[in-house]
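In the numbering used here, the protein residues as written are 160 to 752.
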């Protein structure tokens, strides 16, 4: 049923495509284009806002040497653009532009493209094809992110277990709270230090650069990490105060809830939920998803620790069963929404890395639910076979938080096992041990599978979502098509020799602009009394379609020639050099769809 609902939501129509992870939408000059004159700047346009780095652009000339450029900036103040100025007097040939920016969801993206000035050169700097990040930095950063998730689950989940399930023995769980708190603090500091080399793709040693660390602290991911450390400090004070009182009060619970939500927001504010469609709803869903995960995984770990020595009271186990069911429901609802938001289409489940990871996570969650169902049935059987005293403990109305517990006398045939704040009621020692071992095995399986699910979740948060991957592929396919077509047409007539350079923009079906420049035999600009261009499509016997060129002082141009079909057209260029001397040359030109 869960899988069916999952697939149904994927098929529902959604909003217009938008994504976390920025995808490159366009470049100016266009990728692979030939421009007649050297541009004064390079501009990139993305599908969402991006952050710029000190070394966001590297421009290489045809010999592979780096071209001096200005600082990267947003073109016209638009956050979804990146622009860099070029020096005057660039030589002719092919230039390579390598770029790296940071998406709105805090993940770096990079790429490269080429353009040519005048004409393509025989040699060009190679376009980077592999990853532009340091493997060790990526590994350390990913490990720290996983450790942060795991530590947050221990801290938030154990605290929720103590507050909601009210175990009689709390002392064994204090170690989990300390491990969660210190683990999250250490992972957060590591993320903060590694943030700069992670963004720039440098080795971990770059973390020692104080200027880079300063830039991290002024960016949104840095703010989120600093806020997490501040919330952790407040959480430590709250837990210490609650421990001194022996039991948390209502004020402790209220403040603890606020701090837990705040901690979850530090993830939502710097991950996929912070960019793309429906950001407020996505961030709310992300917070609920993380808190539900923490309550389930952290609570399972706390229960497993208590099961090492004896069986917790049936009331404690029952309360956790209910908490776990509530967490599973929240995880299912928010997980379905996040899957739809990240995938966009059903085919993305198998066609994208994000979708395949999501399927693996769904399989792991299925195993987790099977183990949880066994534990739930165990609790149900224990409840049905419980003694009247145990049922009284389970069904008793919750006492005010912080109030002293009323002890329930142990009935005949049961063993009293003293705890910190009450008595754990279990069955006879032999039956109790057998039940405890069975429950402990089941909970251990749940914990192990849950850690695998958490690992897959960590990888998912760093993987390009299906929506973004599809949009990026569409952009790449569009970029692969010629944005412009530059054709050289040499001519010779009545002792006049030269070349006509014709630029067709965008060289696709529909309206196109045509620019033509006439060069003399010496390579300089040449003036001619008349220049005509016509297009024919022999495959369909279409044409000639005349381009009404006008002399614009040094070049001939028109903005309105319509080429209705994709394919190879024949362009006929007629050059008149005198009243009686003219020549027509034909050249093929490719028109894309």
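Glycine included, each C-beta is placed from N, C-alpha and C at the ideal position.
Put residue i into one of helix, strand or coil per three-state DSSP.
i	result
residue 208	coil
residue 528	helix
residue 570	Residue confidence for residue 570 is low, a pLDDT of 33 falling below 50, so the modelled location carries little weight and cannot support an answer.
residue 292	coil
residue 358	helix
residue 200	strand
residue 549	Bear in mind that a pLDDT of 49 at residue 549, under 50, signals an unreliable position, so the number given afterwards is only what the model happens to contain. In this structure, residue 549 counts as helix in the three-state DSSP scheme.
residue 584	Legend: pLDDT at residue 584 = 38, less than 50; position of this residue unreliable, no value from coordinates given.
residue 565	Below a pLDDT of 50, predicted positions are generally treated as unreliable, and residue 565, at 38, falls in that range; no measurement from the model is reported.
residue 408	coil
residue 469	coil
residue 557	Annotation note: pLDDT 40 at residue 557 (below 50); position unreliable, no value reported.
residue 241	strand
residue 415	helix
residue 430	coil
residue 722	strand
residue 604	helix
residue 226	coil
residue 576	Low per-residue confidence applies at residue 576: pLDDT is 39, beneath 50, and the placement is therefore not dependable, though the value from the model is reported in the following sentence. Residue state, collapsed to three classes: strand.
residue 183	strand
residue 589	Its pLDDT being 45, under 50, residue 589 is placed unreliably by the model, and the measurement read from it follows with that caveat. The answer is helix: DSSP assigns residue 589 an H, G or I state.
residue 716	strand
Would you mind sorting residue i into buried or exposed? The rule is 16 or more other CB atoms within 10 Å of its CB.
i	result
residue 559	With a pLDDT of only 34 at residue 559, under the threshold of 50, the placement of this residue in the model should not be trusted, and no figure is reported.
residue 748	buried
residue 502	buried
residue 671	buried
residue 298	exposed
residue 488	exposed
residue 466	buried
residue 406	buried
residue 448	buried
residue 325	buried
residue 223	exposed
residue 509	exposed
residue 381	buried
Taking 8 Å as the cut-off, decide whether the C-beta atoms of residue i and residue j are in contact.
i	j	result
residue 687	residue 676	no
residue 260	residue 181	yes
residue 734	residue 690	yes
residue 419	residue 411	no
residue 730	residue 752	no
residue 280	residue 248	no
residue 715	residue 694	no
residue 472	residue 317	no
residue 652	residue 741	yes
residue 643	residue 668	no
residue 495	residue 609	no
residue 231	residue 243	yes
residue 238	residue 208	yes
residue 680	residue 744	no
residue 210	residue 378	yes
residue 268	residue 245	no
residue 340	residue 394	yes
residue 355	residue 344	no
residue 300	residue 613	no
residue 329	residue 321	yes
residue 725	residue 611	no
In the DSSP assignment, the beta strand (DSSP E) including residue i goes from what residue to what residue?
i	result
residue 270	267-276
residue 733	726-735
residue 219	216-219
residue 743	741-750
residue 262	252-262
residue 702	701-706
residue 190	No beta strand (DSSP E) holds residue 190; DSSP gives it neither H nor E.
Going by DSSP, what residue range makes up the alpha helix (DSSP H) through residue i?
i	result
residue 464	438-465
residue 483	473-502
residue 380	379-404
residue 370	369-376
residue 508	507-510
Looking at residue i and the ligand NAD, is the gap between the Cβ and the nearest heavy atom below 7 Å?
i	result
residue 738	This structure simply doesn't include the ligand NAD, nor any ligand for that matter.
Contiguous alpha helix (DSSP H) assignments of at least 4 residues, all confined to the segment 643-699: List check, alpha helix (DSSP H) in window: nothing returned.
Can you check the segment 309-342 for any alpha helix (DSSP H) of at least 4 residues that lies completely inside it and give the ranges in chain order? Runs found: none.
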